[in-house]
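Chemist: Below is one structure. I have some questions about it.
In the numbering used here, the protein residues as written are 104 to 378.
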């Protein structure tokens, strides 16, 4: 009886925490369907009286959301590809070769992760300006984001490679494979779930990036959706229903992708990606 009561208590607590965590999302969707006057009603309504479904096509067409979403996808995809391509090998080396210099390298990588984007943007902007990268601003943002997300990716994927038995690679070396061949034939396939999870996390982080894009990209036609959302904000902002409609369109694809890929994410977590 005590065990049953404890289980029910834990379930109630878990549901309460989930409701608390998900309430901002619920409020975003509800507000996106309200009229302007209903948004400021007191007390606030938890269900819209007259759902304004026209807010979504209005925001999509007037704010040119198609262009903003496309730019977010380009930046997030490019960042994820570069980070995975460059970071996977680095994570493998840090997992397989242990010495003082490797430990120092890992420490430096971890230190890079704690530097905020607001601190890095000035030297990055000046450096990119000197080498002419500002002429291709989306590519410049991808490079900046790759440098920012690389430590996070390397640390996660390193844990995944450490969970792959090195004896399998040693057997491949005995059979005549090179170290590179053993990496591609043995280590990489076994670590794919962890790499996938890390790549998904990098994509989500890059899809919502704001600081680098706002500072480096000046043309509205090349800016991502995070910067487009900022265009709503001002000293006399009152379009909260349209702001929430924009945010709903912006957030929903990421939520859908997370739901669709949740099994692979769980498999990657249990294989050691966040160990």
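Where a beta carbon is used, it is the ideal one built from N, C-alpha and C, also for glycine.
Apart from the five residues just before and just after residue 170, which ones in its own chain have a Cβ nearer than 7 Å to its Cβ?
Modeler: 324
Chemist: With 16 other CB atoms within 10 Å as the buried threshold, where does residue 283 fall?
Modeler: exposed
Chemist: Please list the terminal residues of the continuous alpha helix (DSSP H) segment that includes residue 352.
Modeler: 343-363
Chemist: Compute the distance between the beta-carbons of residue 178 and residue 245, then report whether it is under 8 Å.
Modeler: yes
Chemist: Identify which residue in 216, 280, 194, 320 has its Cα closest to the Cα of residue 267.
Modeler: 194
Chemist: Residue 325 lies in the alpha helix (DSSP H); which residues open and close that run?
Modeler: Segment: none, residue 325 is in no alpha helix (DSSP H) and carries neither H nor E.
Chemist: Taking Cβ positions, are residue 212 and residue 254 nearer each other than 8 Å?
Modeler: yes
Chemist: Straight-line CA distance for residue 274 to residue 305?
Modeler: Rounded to the nearest angstrom, the gap between the Cα atoms of residue 274 and residue 305 is 33 Å.
Chemist: Measure the C-alpha to C-alpha separation of residue 344 and residue 148 and round it to an integer number of angstroms.
Modeler: Taking the straight line joining both Cα atoms gives about 13 Å.
Chemist: If you draw a straight line from the C-alpha of residue 242 to the C-alpha of residue 320, how long is it?
Modeler: 10 Å
Chemist: Taking the alpha-carbon of residue 247 as reference, which of 186, 261, 281 has the nearest alpha-carbon?
Modeler: Looking at the Cα atoms, 186 is the closest of the given residues.
Chemist: CA-CA distance, residue 154 and residue 342?
Modeler: Pairing residue 154 with residue 342, the inter-Cα distance amounts to about 16 Å.
Chemist: Flag residue 311 as yes when its Cβ comes closer than 7 Å to any non-hydrogen atom of the ligand FMN, and as no otherwise.
Modeler: The ligand FMN is absent from the structure shown, which contains no ligands of any kind.
Chemist: In the DSSP assignment, the alpha helix (DSSP H) including residue 215 goes from what residue to what residue?
Modeler: First-last of the alpha helix (DSSP H) with residue 215: 203-216.
Chemist: Can you tell me whether DSSP reads residue 130 as helix, strand or coil?
Modeler: helix
Chemist: Here's the rule I'm using: 16 or more other beta-carbon atoms within 10 Å means buried, otherwise exposed. How should residue 145 be labelled?
Modeler: exposed
Chemist: Does the CB of residue 111 have a neighbour CB from chain B at under 8 Å?
Modeler: No chain B appears in this structure, which consists of one protein chain only.
Chemist: Where does residue 261 fall in DSSP's three states?
Modeler: helix
Chemist: Do the stretch 347-365 and the stretch 158-165 make contact, defined as three or more Cβ pairs closer than 8 Å?
Modeler: yes
Chemist: With a CB to CB cut of under 7 Å and the five nearest residues on each side skipped, what residues in its chain are close to residue 301?
Modeler: 256, 259, 260, 376
Chemist: Using 8 Å as the threshold, is the C-beta distance between residue 174 and residue 327 below it?
Modeler: yes
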